[in-house]
Amino acid sequence: MPVQVDRNRPIADTRIFDGEESRRGYRINKFAMSLARAENREAFADDEEAYMARWELSPDEKEAIRERDWRRIMEDLGGNIYMIIKIGTVTGHGLYQIGAHQRGETYEEFLATRNASGAR
Amino acid sequence: MARIVAGIGTSHVPSIGVAYDQGRTQEPAWKPLFDAYEPVKAWLRDEVRPDIAIVVYNDHGSSFFFDKYPTFAIGASDLYPVGDEGWGRRPLPDFPGDAAFSWHLSESLVYDEFDMTVCQELAVEHGFMVPMHLCFDHDPVWPVKTVPLAVNVIQHPLPTGARCWKLGRAIRRAVESFPGDDRVVVLGTGGMSHQLNGARFGHLNPDWDNDWLDRIEADPAALAALTHQDIMEQAGAEAVELIMWLTMRGALSERVRRAHRNYYAPMTTGMGLIAMEDDS
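If you want it as structure tokens, here you go:
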């Protein structure tokens, strides 16, 4: 049986979203998933703290959301991009802003690295 | 018997859907992508003339979450509503299904040892919808019935590429045991090279993508032998979605006739397209 994900061959600057990550990120991803409902997006936009208080989020997780610290959410807190993007939709951060933050670049710096940044 | 008449491999990038809804398809940065699908639409409408589209896609947090994330799931409904994955309902008509056909597929696949999660209610999202509106006109309704077939490509452990390929072979057997004369097209969606997490966000590998496009047509067994590690190292963590193209290719005859091909990598994803006619 070939090894599908080889822990002895880590890929630089890459996280593999596996069971360990999914367990670590369960709370924040569940919170993010709740924003797939319009009424929850409205509640979060109206009062972020009150809405976050309705969910089982740790102080670290709340802080990272408050600070829009996408890099921390993705690298340290088990965020799954397809869930976390739902938070960004409410806070006004698209996929490419979240990506630029993970790369440690400004949005403009990131766009300058692309072949045709009009396709966004 | 029903039969497989064509297969399409296509990316399903969500920004394509946004540009489409905003009427920006002829902007310079988007035109190379959208224009490539116009001949595919005409080919499907005038030559392939499918009755049913089986769409192999993954759910990105629309109908499934990590509380229960099925490895393989299949829709078994006469209607699949447009879902809300976090940015509201897109202005597309809901998708017609064929519950009897889906239940036949489900029975055949399960007895063929592919243990599907059968879904009688399933809202669909960009992984399913973007390929559909790229390939089919829908004014006012979709011209084909659909079967959403969802694969876990987002939470490891994922099914292997070889398993996805074999699922395609089993889909072919299932289709060919369905009475009637339905013409079936299979869409394998996702990819190509891209990575959305970590400092490697934005990784692209156009050479690798174009090699995949060559091989999915002529040497798919080589692609089915790749591990997830192989794909992720070369093409980025999220490029592993491409294993869903193997299900499409596995459903086709060994030899195919390529009708269309395109590649464009404007932002963070290699957007690939290949359309093939079954040769049986």
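Chains A and B, in that order, are what the protein sequence lines are. Counting from -6, one number per residue, gives the positions in the first sequence under the numbering used here. Counting from -8, one number per residue, gives the positions in the second sequence under the numbering used here. All residues carry an ideal CB built from backbone N, CA and C; glycine is no exception. No experiment lies behind these values; they were computed from the predicted model shown.
When you compare each of B:ILE145, B:GLY263, B:PRO72 to PRO61 (chain B) by their alpha carbons, which one comes out closest? B:ILE145
Below 7 Å on C-beta distance, what does THR82 (chain A) contact in chain B? Listed by position along chain B, the residues whose Cβ is nearer than 7 Å to that of THR82 (chain A) are GLY77, TRP78.
Residue ranges of each beta strand (DSSP E) within the stretch 6 to 52 of chain B, 3 or longer: 43 to 48
Below 7 Å CB to CB, which residues in the same chain sit around GLU206 (chain B) once its five sequence neighbours on both sides are set aside? Residue 206 (chain B) is actually Arg in this sequence, not Glu. Once the five neighbours on either side are set aside, the close Cβ partners of ARG206 (chain B) are ALA213, LEU214.
Of the residues B:LYS32, B:TRP236, B:PHE25, B:ALA161, which one's Cα is nearest the Cα of TYR102 (chain B)? For TYR102 (chain B), the nearest C-alpha among the options comes from B:ALA161.
Answer with yes or no whether the minimum CB distance from MET45 (chain A) to chain B is below 8 Å. The beta carbon of MET45 (chain A) sits no closer than 8 Å to any beta carbon of chain B.
Would you mind working out which of B:TRP21, B:GLU167, B:ALA250 sits nearest GLU38 (chain B), comparing C-alpha positions? B:ALA250
Under 9 Å (Cβ pairs) to chain A, residues found in the stretch 118 to 147 of chain B: ILE145, GLN146, HIS147
Please report the residue range of the beta strand (DSSP E) in which GLU268 (chain B) lies. Here the beta strand (DSSP E) through GLU268 (chain B) covers 262 to 269.
Every unbroken beta strand (DSSP E) inside the stretch 61 to 89 of chain B [3 residues or more]: 63 to 66
Proximity to THR106 (chain A) [Cα-Cα], best of B:GLU232, B:THR259, B:GLY263: B:THR259
Have a look at A:ILE74, A:ALA38, A:VAL(-2), A:TYR19 and flag the residue whose alpha-carbon is nearest the alpha-carbon of ASP50 (chain B). A:ILE74
Which residues in the same chain have their Cβ closer than 6 Å to the Cβ of GLY241 (chain B), if we skip the five residues on either side of it in sequence? Same-chain partners within the cutoff: TRP156, GLY159, ARG160.
Can you give me the start and stop residues for the beta strand (DSSP E) that VAL176 (chain B) sits inside? 174 to 180
GLU35 (chain A) to CYS126 (chain B) span [Cα, whole Å]: 34 Å
If we count Cβ pairs, one from each stretch, closer than 8 Å, do we get three or more for the stretch 92 to 112 of chain A versus the stretch 17 to 28 of chain B? yes
On the three-pair Cβ rule with 8 Å, is the stretch 75 to 87 of chain A touching the stretch 62 to 77 of chain B? yes
Give a yes or no on whether the minimum CB-CB distance between PHE273 (chain B) and chain A is below 8 Å. Any question about residue 273 (chain B) goes unanswered here, given that chain B covers just -8 to 271.
Could you name the residues of the stretch 235 to 249 of chain B whose beta carbon sits closer than 9 Å to any beta carbon of chain A, in the order they occur along the chain? none
Whose C-alpha, out of B:CYS110, B:TRP199, B:HIS124, B:GLY261, is nearest the C-alpha of ASP85 (chain B)? Measuring from the Cα of ASP85 (chain B), the nearest candidate turns out to be B:HIS124.
Please list the segments of the alpha helix (DSSP H) lying wholly inside the stretch 21 to 72 of chain A, counting only runs of 4 or more residues, in order along the chain. 31 to 39, 41 to 46, 52 to 59, 63 to 68
Using a Cβ cut-off of 7 Å, pull out every chain B residue sitting near PRO(-5) (chain A), in sequence order please. THR218
MET127 (chain B) by DSSP, collapsed to three states: which one? Note that residue 127 (chain B) is Phe in the sequence shown here, rather than Met. Three-state result, PHE127 (chain B): coil.
Neighbour list for ASP11 (chain A) in chain B, Cβ cutoff strictly below 9 Å: Residues of chain B passing the Cβ test: GLN146, HIS147, PRO148.
Distance cutoff 8 Å, beta carbons only. Does MET223 (chain B) sit that close to anything in chain A? At least one chain A Cβ lies under 8 Å of MET223 (chain B).
Taking its Cβ as the centre, do 16 or more other Cβ atoms sit within 10 Å of ASN1 (chain A), making it buried, or is it exposed? exposed
Classify ASN253 (chain B) as helix, strand or coil using the three-state DSSP reduction. strand
Answer with yes or no whether the minimum CB distance from LEU70 (chain A) to chain B is below 8 Å. Under the Cβ distance rule, LEU70 (chain A) does not count among the residues neighbouring chain B, no pair being separated by less than 8 Å.
Give every residue of the same chain whose Cβ lies closer than 6 Å to the Cβ of PRO23 (chain B), excluding the five residues on either side of it in the sequence, and list them in chain order. TYR255
Reducing DSSP to helix, strand and coil, say where ALA215 (chain B) ends up. helix
Would you kindly work out how many angstroms separate the C-alpha atoms of GLU112 (chain B) and GLU101 (chain A), rounded to a whole number? GLU112 (chain B) and GLU101 (chain A) have their alpha carbons spaced roughly 42 Å apart.
Suppose you measure from the CA of ASP269 (chain B) to the CA of GLU56 (chain A); what does that come to, to the nearest Å? So the two alpha carbons sit approximately 54 Å from each other.
Residues of the stretch 37 to 56 of chain B whose Cβ lies closer than 8 Å to any Cβ of chain A, in chain order: HIS51, GLY52, SER53, PHE56
Hey, how far is the Cα of GLU98 (chain A) from the Cα of GLY87 (chain A)? 15 Å
Tell me which same chain residues have a C-beta within less than 7 Å of the C-beta of VAL166 (chain B), skipping the five on either side of it? ALA(-7), ARG(-6), ILE(-5), VAL175
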